[in-house]
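Worksheet: one structure, shown below.
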Amino acid sequence: MFRAFYKANPNAFPMTFQATSAYIWMQQAFLALFMAWLMENEIFDSIINGNVAYELCRPIDIYNMWFSRSLANRISKAVLRCMPILLVAGFLPAPYGMILPENIPAFMLFLLTMLTGVGVTVAFCMLVYMISFFTISPDGVRIAAVSTVEFFSGAIIPLPFFPESIRNILELLPFASMQNVPLRIYSGDLIGAPMWRAILLQFLWLFILVFIGKLLNSLAMKHISLQGG
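Here full-length UniProt numbering is used: the first residue of the sequence shown is 1, the next is one more, and so on.
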C-alpha cells in the first residue's frame, strides 16, 4: 500500500520510503513492547474472581508488582520475536529492508525512547487494570482502550500520514509517546527540535500516567470488598 502511494506521488509522501520501511520493520520486530492488546489476562482474572486478595496479602505494592510483571513480560516476548525479523529485514535490498540510524547518538536516543515508550504503554495498561476494580466486567474498558491506542499511537498508520492539523493534536497525546517516537527516531524521520519536544513529552506522560495509576490504585484498595474467610 505504501509503495503504491509513494510511486503515485513521492513528493506528497510525508516520510521517505526507506524510513517508512524501517518504521514498519521495527514495529513488527518490537510488536510486543507497544501493543496495548498485550495485557495480562491473569491480572484481569484475579480482579474478577477475587484472587487478587492473595496478592494484597503480600508486603508489596500491587501497582509496582503488576507494572514490573507487565514490563518483564513484554520485554521477554520482544526479545524472542525481534531477532528473526531483524535478520530477515537486514538482508532485503533498499528501500525495502532495514537501515541503521545515522549515528551512535541517534541509536542511543532510540534505545532511551524505546524504553520510555514501553513504560508509557505499560502505565496506560495499568490504568485499565485499576479501572477494572470499579466495573462489573473489564471487557468494555479493555476494548475501548485497545482500539484507541491502536489508532492514535501509529500502530495502524504512522502519525506523519495524518493531516497536519490532526497530527499536531495527536502528537500531544500519550499515545504518540508509545511507539511513534522511538520508531521515527530510528528511521531518521524525527530529528532536531521536534525530537527533543517528543522526548520531553514522553517523560511527562510517563510521570502523569504512573501518578494517575497509583492514585486509582489507592482508591481501588479503599473500594475493594472481599468476602469469605
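Glycine included, each C-beta is placed from N, C-alpha and C at the ideal position.
Please read these numbers as outputs of a predicted model, since none were measured by experiment.
query, result
"Take Q27 and list the residues in its own chain whose beta-carbon comes closer than 7 Å to its own, dropping the five residues that flank it on each side.", "Q179 and L183"
"Apart from the five residues just before and just after M39, which ones in its own chain have a Cβ nearer than 6 Å to its Cβ?", "C125"
"With distance defined between alpha-carbon atoms, name the residue in L170, G188 and A220 nearest to L201.", "L170"
"Look at the alpha carbon of V128 and the alpha carbon of F134, and state the distance between them as a whole number of angstroms.", "10 Å"
"Where does L215 land, buried or exposed, given buried means 16+ other C-beta within 10 angstroms?", "exposed"
"State buried or exposed for Y23, treating a residue as buried only when at least 16 other CB atoms are found within 10 Å of its CB.", "buried"
"Taking its Cβ as the centre, do 16 or more other Cβ atoms sit within 10 Å of I199, making it buried, or is it exposed?", "buried"
"Going by beta carbon distance, what residues of the same chain come within less than 6 Å of I119, once the five residues before and after it are set aside?", "Note that residue 119 is Gly in the sequence shown, not Ile. So the list reads L206, once near-sequence residues are dropped."
"Does the distance from the CB of F17 to the CB of P95 come in under 7 Å?", "yes"
"Just to check my reading of the structure: P138 and F44 have Cβ atoms closer than 8 Å, yes? What is that Cβ distance to the nearest angstrom?", "5 Å"
"Would P160 and P59 qualify as a contact pair, given that the criterion is a beta-carbon distance under 7 Å?", "no"
"Tell me the rounded alpha-carbon separation between E42 and R69.", "11 Å"
"Is the CB of R3 under 7 Å away from at least one CB in chain D?", "This model lacks chain D altogether; it includes just one protein chain."
"Give the straight-line distance between the Cα atoms of T148 and G140, rounded to the nearest whole angstrom.", "12 Å"
"Mind pulling the alpha helix (DSSP H) runs of 4 or more residues that sit fully within the stretch 148–185?", "164–170"
"Decide if I185 is buried, meaning its Cβ has at least 16 other Cβ atoms within 10 Å, or exposed.", "buried"
"Out of L33, Y54, P101 and N49, which one is the CA nearest neighbour of A72?", "L33"
"Hey, A106 and G97: beta-carbon distance below 7 Å or not?", "no"
"What residue range is occupied by the uninterrupted alpha helix (DSSP H) comprising Y54?", "V52 to L56"
"If you count every other CB in all the chains shown that lies within 10 Å of the CB of M83, and 16 or more means buried, which is it?", "exposed"
"Reducing DSSP to helix, strand and coil, say where F17 ends up.", "helix"
"Tell me whether N103 sits in a helix, a strand or coil according to DSSP, three-state version.", "coil"
"Have a look at W66 and N11 and give me their C-alpha separation to the nearest angstrom.", "46 Å"
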